[in-house]
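S.K.:
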Amino acid sequence: MKHYEVEIRDAKTREKLCFLDKVEPQATISEIKTLFTKTRESPDTPIPAPDIRVPPLPTHLPPTPASPLDVTWARMPPHAFPSSACCLSAHWNNPQWYPARQSLRLDPKGKSLKDEDVLQKLPVGTTATLYFRDLGAQISWVTVFLTEYAGPLFIYLLFYFRVPFIYGRKYDFTSSRHTVVHLACMCHSFHYIKRLLETLFVHRFSHGTMPLRNIFKNCTYYWGFAAWMAYYINHPLYTPPTYGVQQVKLALAVFVICQLGNFSIHMALRDLRPAGSKTRKIPYPTKNPFTWLFLLVSCPNYTYEVGSWIGFAILTQCVPVALFSLVGFTQMTIWAKGKHRSYLKEFRDYPPLRMPIIPFLL
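For the sequence shown, the working numbering assigns the number 33 to the initial residue and increments by one for each residue that follows.
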């Protein structure tokens, strides 16, 4: 059987970091990343000679030697492991490069290879050169979403119950006399509780992690807007909607319908991808009427999400909510356009009538 040799170089300096010998053709990028992580667990003194070849792994491993030239071997599934590997850079003294923060690519400035890419299917010879970039510390998407969504839920309730040091001592733990304020709290709480439950039980993530630094940016956005809108909606001097009950009823209907639609789309997308699979398919409408929006847009979940916040803005007649809706619409439009382009590129028979987020317009 033909085996591959894989050398991994730093994408910035072109320095050789690691050499993997006798890698099986069926090895995936994910397995190479894991092996890359294991083989870097070398002693504190880096290997001085750049082309040292370590003998094949013996059947019975002796105790780890004290010599700085010895390599600590990683036990891995048999079909992906080379018989020998060596680490060639002082960078290996840093043990933080776990697989999730690795980006391997064929060209230093090219796109990252997917974890499921198979070595023998890549445009490389029997000696493959992969370029490594450090993506930085990573955090799971589940943790990110739980943190993002739990914050607004908790923050909003602090203002709703008027805890001390927000509106003044005489308003501590008082309640608003306006029904719309209580409806707004129920809608806001329902929205984020729904998001938390969907994160735990509905969503399936094609990528397991995201850069840790992003969580601070995302939380600032969600938490900051939650505090801003909650401050005004629950303020003792809050003024109810101009058109009274009729405006509240209309807004509440829009909010509820869009929340049901958003949940329906999330369930349809979940059923489209089996658990543990990264297979992508064209989403189509189902018997659920809320999914019929797939006939006109590629990302109806974003359409419904924007509709929910428009309904909430009409319900509360509050400027911070309107601004939050506008910023959210802008960001979701960017995401929707990106997904729409991906669908068009991947599927030749993709329905031509669909727009990214707004039927017939955008």
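Glycine is no exception: its CB is placed at the ideal position from the N, C-alpha and C atoms.
These numbers were taken from a predicted model, which means no experiment stands behind them.
1. Buried or exposed: where does G370 fall if 16 or more other Cβ atoms within 10 Å of its Cβ makes it buried?
2. Is it buried or exposed for G339, if we count other Cβ within 10 angstroms and need 16 for buried?
3. Considering only residues of the same chain and omitting the five flanking positions on each side of F361, which have a CB-CB separation below 6 Å?
4. Please report whether the beta-carbon of A300 lies at a distance below 8 Å from any beta-carbon of chain C.
5. For C350, does the three-state DSSP call read helix, strand or coil?
6. For N294, count neighbouring Cβ atoms within 10 angstroms of its own Cβ and tell me buried if that reaches 16, exposed if not.
7. Out of T231, L190, I171, which has the shortest C-alpha to C-alpha gap to I265?
8. Buried or exposed: G343, going by 16 or more other Cβ atoms within 10 Å of its Cβ?
9. Any idea what DSSP makes of R386, helix, strand or coil?
10. For the pair the segment 343-358 and the segment 277-284, tell me if three or more CB-CB distances fall below 8 Å.
11. Can you tell me whether DSSP reads A254 as helix, strand or coil?
12. Could you compute how far the alpha carbon of G183 sits from the alpha carbon of I297?
13. May I ask which residues mark the beginning and end of the beta strand (DSSP E) holding S172?
14. Who does P243 pair with in a DSSP beta bridge?
15. From L355 to P140, what distance separates their C-alpha atoms?
16. Going by C-alpha to C-alpha distance, which of N246, V212, V351, S207 sits closest to E180?
17. Going by DSSP, what residue range makes up the alpha helix (DSSP H) through L301?
18. Between the Cα of P272 and those of A258, C251, V351, F205, spot the shortest distance and give me the residue it belongs to.
19. In three-state DSSP terms, what is R85?
20. With S135 as the anchor, note down where its beta strand (DSSP E) starts and where it stops.
21. Leaving out five residues on either side along the sequence, give the residues of the same chain with a beta carbon under 6 Å from the beta carbon of Y188.
22. Is V353 closer than 8 Å to Y270 when the C-beta atoms are compared?
23. Since E148 and S62 are thought to touch, with beta carbons under 8 Å apart, how far apart are those beta carbons, to the nearest angstrom?
24. In angstroms, rounded to a whole number, what distance separates the CA positions of F193 and Y254?
25. Between R46, A43, R41, L145, which lies nearest to T60 when the distance is taken from Cα to Cα?
26. How would you write the range of the alpha helix (DSSP H) that A307 sits in, first residue to last?
27. Assuming R4 and L162 make a contact with CB atoms under 8 Å, what is their CB distance in whole Å?
28. Who does Y163 pair with in a DSSP beta bridge?
29. Could you compute how far the alpha carbon of P317 sits from the alpha carbon of L167?
30. The alpha helix (DSSP H) with Y199 in it runs from where to where?
31. Rounded to whole angstroms, what's the CA-CA distance from L229 to F379? Just pull it up for me.
32. Have a look at V286, L385, M364, L67 and flag the residue whose alpha-carbon is nearest the alpha-carbon of W129.
33. Would you list the residues sitting across from V55 in a DSSP beta bridge?
34. I need the boundaries of the alpha helix (DSSP H) containing V212, first residue and last residue.
35. Going by C-alpha to C-alpha distance, which of I314, T159, L394 sits closest to D381?
36. Look up V156 in the DSSP assignment and say whether it is helix, strand or coil.
M.R.: According to the data block:
1. Around the C-beta of G370, fewer than 16 other C-beta atoms lie within 10 Å, and the residue is accordingly described as exposed.
2. Around the beta carbon of G339, 16 or more other beta carbons lie within 10 angstroms, which makes this residue buried.
3. Excluding residues within five positions, the ones whose Cβ falls inside 6 Å are V338.
4. Absence of chain C from the displayed structure is noted, only one protein chain being present.
5. Shown here, C350 sits in coil according to DSSP, grouped into three states, outside any helix or strand.
6. N294 comes out buried.
7. Looking at the Cα atoms, L190 is the closest of the given residues.
8. Only buried fits G343, as 16 or more other CB atoms lie within 10 angstroms of its CB.
9. Reduced to three states, the DSSP call for R386 is coil.
10. Taking 8 Å as the limit for Cβ pairs, the verdict is that the segment 277-284 does touch the segment 343-358.
11. The sequence shown places Tyr at residue 254, not Ala. Under the three-state reduction of DSSP output, Y254 falls in the helix class.
12. Taking the straight line from one Cα to the other gives about 24 Å.
13. Here the beta strand (DSSP E) through S172 covers 170-172.
14. Answer is Q170, bridged to P243.
15. Pairing L355 with P140, the inter-Cα distance amounts to about 40 Å.
16. Comparing Cα positions, the closest option is N246.
17. Here the alpha helix (DSSP H) through L301 covers 276-304.
18. Check the Cα spacing between P272 and each of A258, C251, V351, F205: the tightest is with V351.
19. Only weak support is given to the placement of R85: the predicted model assigns it a pLDDT of 46, under 50, and the value that follows is read from those uncertain coordinates. R85 falls in the coil class under three-state DSSP.
20. Taken as a continuous stretch (DSSP letters only), the beta strand (DSSP E) holding S135 covers 134-137.
21. Cβ neighbours of Y188 beyond the five flanking positions: H220, A258, A262.
22. Taking 8 Å as the cut-off, the beta carbon of Y270 is found no closer than this to the beta carbon of V353.
23. 7 Å between Cβ atoms; contact.
24. Roughly 20 Å separates the two Cα atoms.
25. Taking only the C-alpha atoms, the option nearest T60 is L145.
26. Element bounds for A307: n/a, residue is neither H nor E.
27. Only positions 33 to 394 of the chain appear in this structure, which leaves residue 4 out of reach.
28. Paired residue(s): R41, R137.
29. Between the alpha carbons of P317 and L167 lies a distance of about 37 Å.
30. Bounds of any alpha helix (DSSP H) do not take in Y199, whose DSSP letter is neither H nor E.
31. L229 and F379: Cα-Cα distance of roughly 31 Å.
32. Distance from the Cα of W129 is smallest, within the candidate group V286, L385, M364, L67, for L67.
33. Paired residue(s): Y36.
34. That run of the alpha helix (DSSP H) goes 211-233.
35. Residue I314 is the option with its Cα nearest to D381.
36. Coil, per DSSP.
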